[in-house]
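Participant: In short: position in the sequence shown from 1, add 2, done, that's the numbering used here.
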Amino acid sequence: MDFSLEPLEYDRLKTLLRPYVRSSGGRDRLERLKPTTDKDRLQAQHALNREAMAYLRDHGLGFGDIDLLPSVVDSLGLAGVTLAIEEVEAIIEFLSETESLRTRWKDDAHDFPLLAQKGQAFPDLKDLRSLLGRAIRGGEINEDYSPTLKRLRRELEKARGRLNRKLESILKSKEVSGRLQDELVTMRNGRYVIPIRTEQRGSVDGIVHATSSSGATVFMEPLETLEMNNDIVRLAEEEAREVQRILGELTDRIQTSADDLRAAARLRAAMDVLFGIACWGREFDCVSPEFSDGALRLVAARHPILDRGLRSEGGETVPLTLEMEADERVLVISGPNAGGKTIVLKTIGLLSLMAQSGIPVPAEKADLPILDHVLADIGDQQSIANQLSTFSAHVLSVSAMVDAASERSLILLDEIGSSTEPTEGAALAIAVLEHFRGVGSLTLASTHYNRLKMYAETTDGVRNAAMEFNEATLEPTYRLIDGLAGQSSGLDIAQRLRLPSELIERARNSLDRSELDAARYVRELQDRVKSLEGEKRALEAERHDFEEWKAGMRSRLEEERRAERNRIEARLDTIVGELRDAAAKELDAAGREARKRFDKTLDRARVRAGAQIRRVQQPVEPETVDAPSVAATPAPRAGARVRVLSLGVEGLVSEVMASEVEVTVGNMKTRRPFNDVETVAPPLELPRNVHFDFSEKQMDSTEINLIGCRAEEAISRLDKFLDDALLTGLLSVRIVHGSGMGVLRRAVSEFLESHPNVSGFELAPQNQGGGGATLVTLKD
3 MDFSLEPLEY DRLKTLLRPY VRSSGGRDRL ERLKPTTDKD RLQAQHALNR EAMAYLRDHG
63 LGFGDIDLLP SVVDSLGLAG VTLAIEEVEA IIEFLSETES LRTRWKDDAH DFPLLAQKGQ
123 AFPDLKDLRS LLGRAIRGGE INEDYSPTLK RLRRELEKAR GRLNRKLESI LKSKEVSGRL
183 QDELVTMRNG RYVIPIRTEQ RGSVDGIVHA TSSSGATVFM EPLETLEMNN DIVRLAEEEA
243 REVQRILGEL TDRIQTSADD LRAAARLRAA MDVLFGIACW GREFDCVSPE FSDGALRLVA
303 ARHPILDRGL RSEGGETVPL TLEMEADERV LVISGPNAGG KTIVLKTIGL LSLMAQSGIP
363 VPAEKADLPI LDHVLADIGD QQSIANQLST FSAHVLSVSA MVDAASERSL ILLDEIGSST
423 EPTEGAALAI AVLEHFRGVG SLTLASTHYN RLKMYAETTD GVRNAAMEFN EATLEPTYRL
483 IDGLAGQSSG LDIAQRLRLP SELIERARNS LDRSELDAAR YVRELQDRVK SLEGEKRALE
543 AERHDFEEWK AGMRSRLEEE RRAERNRIEA RLDTIVGELR DAAAKELDAA GREARKRFDK
603 TLDRARVRAG AQIRRVQQPV EPETVDAPSV AATPAPRAGA RVRVLSLGVE GLVSEVMASE
663 VEVTVGNMKT RRPFNDVETV APPLELPRNV HFDFSEKQMD STEINLIGCR AEEAISRLDK
723 FLDDALLTGL LSVRIVHGSG MGVLRRAVSE FLESHPNVSG FELAPQNQGG GGATLVTLKD
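Quick look at the structure:
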């Protein structure tokens, strides 16, 4: 695995990325970054890059540099090490940051699963963070952490207070006040002293600890405060020993988590690099590349270093778009000097290295192969020290490429075959390109040789590309035109640079005829391609206008559909509301009327039942009922109101069979087994020889035939018939009574006249029975 990092400016890319990485650990990791051929690892890294760039769209995430952290982490595991307070504070700051990273994406795991997984990889060190935070506060050991330390500091505070008061009293005494240089208490060599004028030092009993720089003042400790100072020194030493003991204890606790701390430091550095690169990627409009099986596709790609330089000057990079399928292995790039050929090679090479380093690339889209070698021969490689000419250096470089190249290699050759006699140089260049084509290496070469342009035009798997040249301004546009050979335009450029015209003309006349023919052929191809490009742009403009028109029409139609739908829905809501109100009113009225009719019918039924009971002459014998089985479900009786358990509805039992009953629910009938019904209300208790049917059933006919009945029997049957007709909802019925002597007809007429639910009746017309039948209209 070999990569030409220096000629493709890979280290300059890292310099460009370095300001976006904030911690020293992250910058060290960035420096060690290099390309890899592990496709799975690269795909995982680029997926993580995409999440990080998406996260930065709405959130911020920065890493500060913790100055002492690297040295502290390096010292972990060393015997006899005791961390200082500021070093423990560095650990506390580090643990606070890693705990934040560990839990940051816990609630956003659905949107950022890879970042959440990365965060969960941090070891859980919150207990250590809590312990260290309790021990150190404000740059010193917290006295609440140690009762001994708290006691010593209280005693030390009291001792200092006593000493200060004593020294202040001495300063104010008559014996000393006249000998003072300043009335203040200061400290020298860890002991409290007072300033005495040098000439008065003999008049004060005490110990001189220091002399001022001018020699005019000595700092004396009065003998009467000697023991008090000694107490303070002793207590201060005890405090320092307790502080050191606590720091040793904390260091031991930190040492037990040394492996986790080192792992957390590595993860923090990786996250710093990840988000630093993601921040750069967002700023430079980068994308994560896809990895192909050999094809190379770049859309609007830019060289990052060139892009940065032009941006800083207020300019813009001309983007590169290039597509080479897997079976197209060689691209010959031609065009004028300073036209951008070398930048094309460097852009493709550097973007390939970036993709294989897990770095997003500045482009709108990038499909790149996984390469085992990226080999570049770019620039002047003349070496005086090694006694190599430019041509020799190029040949040695190409020779090394020939030895290393494989079908998964990218070969970049700038001005191939140059620096020697053109005929031999072109022949050598074609031979080299043919070798790489045979190997299957993806090869891009820049050239001015017309023979190479013709070779690319006539060889399978090889094609031309040209750097565009504006003939009107005689300046390059730096735009790559695929499929076309370019002109070097050396004489045109020389003319633009004001070389004398006679020299230009002499040069043109000395050109070889074949070279002129080739140049003319190239120019014709350029004109043809430019014409096609113009037609393509016109078609693109028309297509764009059509798409805008279509989108506008679609938007207007959609708006009209929405408006119409809203109007229809509003009208439907109004209609439904009106129907709902009307139905509610009708149902309310119908309910009241039905309830009245039901109550009247029930009253008549009760009257008839009582009359039938009174007409019974024989006493009613009680039925013999077998003792029910414990396991059997008792059969409901006809006329009982029951609940159908499986349906959750109630109805009347209209018929009882061997193992099931027929239940009438509204206008529907259903047969259910005994164990699926539950009696809600028993039937009206009548003697055995009295039957009255309360079931809600449909009328079998709208007429009744009373011919052959005695008057009393006829009236009884007619009364029941009319009740059933009312319950069924009939509005008219026909009664057949025959003509005869007219006795039955008169009895029927008298009954109908007094019936409360009959609104009118008349003899039937001749075609419906004439005087032998009566048509009855019932009240609604």
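Backbone N, C-alpha and C fix where the C-beta goes; we use that ideal spot for every residue, glycine too.
For alanine 433 and arginine 270, I'd like the C-alpha separation in whole angstroms.
Facilitator: Taking the first residue of the sequence shown as position 1, residue 433 is located at position 431. Taking the first residue of the sequence shown as position 1, residue 270 is located at position 268. Each residue's alpha carbon lies about 51 Å from the other.
Participant: Here's the rule: buried if 16 or more other CB atoms are within 10 angstroms of the residue's CB, otherwise exposed. What is tryptophan 107?
Facilitator: Here the question's residue 107 lines up with position 105 in the sequence shown. Tryptophan 107 is buried by the Cβ-count criterion.
Participant: Pair every Cβ in the segment 293-306 with every Cβ in the segment 87-105, then say whether three or more of these pairs are closer than 8 Å.
Facilitator: Contact fails: fewer than three Cβ-Cβ distances are below 8 Å.
Participant: With distances taken between CB atoms, is the gap from glutamate 680 to arginine 645 smaller than 7 Å?
Facilitator: Counting from one through the sequence shown, the residue named residue 680 turns up at place 678. Counting from one through the sequence shown, the residue named residue 645 turns up at place 643. In this structure, arginine 645 lies closer than 7 Å to glutamate 680 by Cβ.
Participant: When the Cα of aspartate 129 is compared with those of Ile93, Ala86, Arg162, which residue comes out closest?
Facilitator: Indexing the sequence shown from 1 puts residue 129 at position 127. For aspartate 129, the nearest C-alpha among the options comes from Ile93.
Participant: Hey, out of Cys281, Asn769, Thr422, Arg43, whose CA is closest to alanine 395's CA?
Facilitator: Counted from its first residue, the sequence shown places residue 395 at position 393. Of Cys281, Asn769, Thr422, Arg43, the residue nearest in Cα terms is Thr422.
Participant: Helix, strand or coil: which one does DSSP assign to aspartate 262?
Facilitator: For the purposes of this step, residue 262 is taken as residue 260 along the sequence shown, with counting starting at 1. DSSP places aspartate 262 in helix when its eight states are reduced to three.
Participant: One question on the structure: do leucine 134 and glutamate 240 come within less than 7 Å of each other, judged by their Cβ atoms?
Facilitator: Counted from its first residue, the sequence shown places residue 134 at position 132. Counted from its first residue, the sequence shown places residue 240 at position 238. Result no, Cβ atoms of leucine 134 and glutamate 240 do not sit closer than 7 Å.
Participant: Exposed or buried, which one is glutamate 229 when buried takes at least 16 other CB atoms within 10 Å?
Facilitator: Against the sequence shown, residue 229 aligns to sequence position 227. The residue in question, glutamate 229, is exposed, as its Cβ has fewer than 16 Cβ neighbours within 10 Å.
Participant: Could you have a look at isoleucine 248 and say whether DSSP puts it in helix, strand or coil?
Facilitator: Within the sequence shown, residue 248 is the residue found at index 246, counting from 1. DSSP places isoleucine 248 in helix when its eight states are reduced to three.
Participant: Given that a residue counts as buried once 16 or more other Cβ atoms are within 10 Å of its Cβ, and exposed if not, what is arginine 508?
Facilitator: The residue labelled residue 508 in the question sits at position 506 within the sequence shown. Exposed, since its Cβ has fewer than 16 Cβ neighbours within 10 Å.
Participant: Specify the secondary structure class of arginine 645 as computed by DSSP and reduced to three states.
Facilitator: Locating residue 645 in the sequence shown gives position 643, counting from the first residue. In this structure, arginine 645 counts as strand in the three-state DSSP scheme.
Participant: What number of angstroms, rounded off, separates the C-alpha of lysine 781 from the C-alpha of glycine 731?
Facilitator: Counting from one through the sequence shown, the residue named residue 781 turns up at place 779. Counting from one through the sequence shown, the residue named residue 731 turns up at place 729. Answer to the nearest angstrom: the Cα atoms are 10 Å apart.
Participant: Measuring straight from C-alpha to C-alpha, what distance separates leucine 151 and phenylalanine 221?
Facilitator: Counted from its first residue, the sequence shown places residue 151 at position 149. Counted from its first residue, the sequence shown places residue 221 at position 219. Distance between the alpha carbons of leucine 151 and phenylalanine 221 is about 31 Å.
Participant: Rounded to whole angstroms, how far is the Cβ of leucine 165 from the Cβ of asparagine 232, which I believe are closer than 8 Å?
Facilitator: Here residue 165 refers to the residue found at position 163 when the sequence shown is read from its first residue. Here residue 232 refers to the residue found at position 230 when the sequence shown is read from its first residue. Not really, about 10 Å apart at Cβ, beyond 8 Å.
Participant: Checking the sheet assignment: what are the DSSP bridge partners for aspartate 379?
Facilitator: Taking the sequence shown and counting its residues from 1, one reaches residue 379 at position 377. According to DSSP, aspartate 379 bridges with Leu415.
Participant: Which of helix, strand or coil does DSSP assign to aspartate 40?
Facilitator: The count along the sequence shown starts at 1 and reaches residue 40 at position 38. Coil, per DSSP.
Participant: Name the residue from Lys348, Leu373, Met403 whose alpha carbon lies nearest to the alpha carbon of isoleucine 1.
Facilitator: No information on residue 1 is available, as it lies outside the stretch 3 to 782 that the chain covers here.
Participant: In whole angstroms, what separates the C-alpha of serine 661 from that of proline 684?
Facilitator: Here the question's residue 661 lines up with position 659 in the sequence shown. Here the question's residue 684 lines up with position 682 in the sequence shown. Computed Cα separation, rounded: 19 Å.
Participant: Is it buried or exposed for arginine 304, if we count other Cβ within 10 angstroms and need 16 for buried?
Facilitator: In the sequence shown, the residue the question calls residue 304 occupies position 302. Buried, by the Cβ-count rule.
Participant: Closest to proline 9 by C-alpha separation, out of Pro364, Val245, Leu414, Ser741, would be which residue?
Facilitator: On the sequence shown, residue 9 is found 7 positions in, with the first residue counted as 1. Residue Leu414 is the option with its Cα nearest to proline 9.
Participant: Between which residues of its own chain and alanine 111 is the CB-CB distance below 6 Å, once the five residues before and five after are set aside?
Facilitator: Here residue 111 refers to the residue found at position 109 when the sequence shown is read from its first residue. Within the same chain, alanine 111 has close Cβ partners Ala118.
Participant: Quick one: measure Cβ to Cβ for phenylalanine 286 and proline 364, integer angstroms, because I've assumed they're closer than 8 Å.
Facilitator: For the purposes of this step, residue 286 is identified with residue 284 of the sequence shown, where counting begins at 1. For the purposes of this step, residue 364 is identified with residue 362 of the sequence shown, where counting begins at 1. Between proline 364 and phenylalanine 286 the Cβ distance is about 5 Å, and since that is below 8 Å, they are a contact.
Participant: Using alpha carbons as the reference points, say which of Gly740, Leu377, Arg24, Lys722 lies closest to leucine 708.
Facilitator: Against the sequence shown, residue 708 aligns to sequence position 706. Looking at the Cα atoms, Gly740 is the closest of the given residues.
Participant: Just the Cα atoms here: how many angstroms apart are alanine 265 and phenylalanine 124?
Facilitator: As a working note, residue 265 is residue 263 in the sequence shown. As a working note, residue 124 is residue 122 in the sequence shown. When rounded, the distance between both Cα atoms is 8 Å.
Participant: Which same chain residues, not among the five before or five after glycine 208, have their C-beta less than 6 Å away from its C-beta?
Facilitator: Taking the first residue of the sequence shown as position 1, residue 208 is located at position 206. Counting only Cβ-Cβ distances below 6 Å, and skipping sequence neighbours, we find Met222, Glu223, Pro224, Leu225.
Participant: Output yes if chain C places a C-beta closer than 7 Å to the C-beta of asparagine 707; else output no.
Facilitator: Absent from the structure is chain C; it holds one protein chain and no more.
Participant: Can you give me the Cβ contacts of valine 861 inside the same chain, cut-off strictly under 8 Å, excluding the 5 residues immediately before and after it?
Facilitator: This structure gives no information on residue 861, because the portion of the chain shown stretches from 3 to 782.
Participant: Can you find the residues in the same chain that come closer than 7 Å, C-beta to C-beta, to cysteine 288, ignoring five residues on each side of it along the sequence?
Facilitator: Residue 288 sits at position 286 when you count from the first residue of the sequence shown. Once the five neighbours on either side are set aside, the close Cβ partners of cysteine 288 are Pro362, Val363, Pro364.
Participant: Report the start-end ranges of each alpha helix (DSSP H) in the segment 410-474 that is 4 residues or longer and not cut off at the edges.
Facilitator: If we require 4 residues or more, the alpha helix (DSSP H) runs fully inside the segment 410-474 come out as 424-441, 452-460.
Participant: Distance, Cα to Cα, leucine 44 vs glutamate 11?
Facilitator: Counting from one through the sequence shown, the residue named residue 44 turns up at place 42. Counting from one through the sequence shown, the residue named residue 11 turns up at place 9. Rounded to whole angstroms, leucine 44 to glutamate 11 spans 21 Å at the Cα level.
Participant: Determine the DSSP secondary structure at alanine 242, reduced to helix, strand or coil.
Facilitator: Mapped onto the sequence shown, residue 242 falls at position 240. DSSP places alanine 242 in helix when its eight states are reduced to three.
Participant: By DSSP's criteria, leucine 298 is part of a beta bridge. Which residues make up the other side?
Facilitator: Translated into the one-based positions of the sequence shown, residue 298 becomes position 296. Paired residues: Met326.
Participant: Using the C-alpha atoms, what's the distance from alanine 406 back to glutamine 47?
Facilitator: Translated into the one-based positions of the sequence shown, residue 47 becomes position 45. Translated into the one-based positions of the sequence shown, residue 406 becomes position 404. Straight-line Cα distance between these residues: approximately 28 Å.
Participant: Taking its Cβ as the centre, do 16 or more other Cβ atoms sit within 10 Å of glycine 485, making it buried, or is it exposed?
Facilitator: By 1-based counting over the sequence shown, the position of residue 485 is 483. Under this definition glycine 485 is an exposed residue.
Participant: In terms of residue numbering, what span does the alpha helix (DSSP H) encompassing valine 745 cover?
Facilitator: By 1-based counting over the sequence shown, the position of residue 745 is 743. Residues 745-756.
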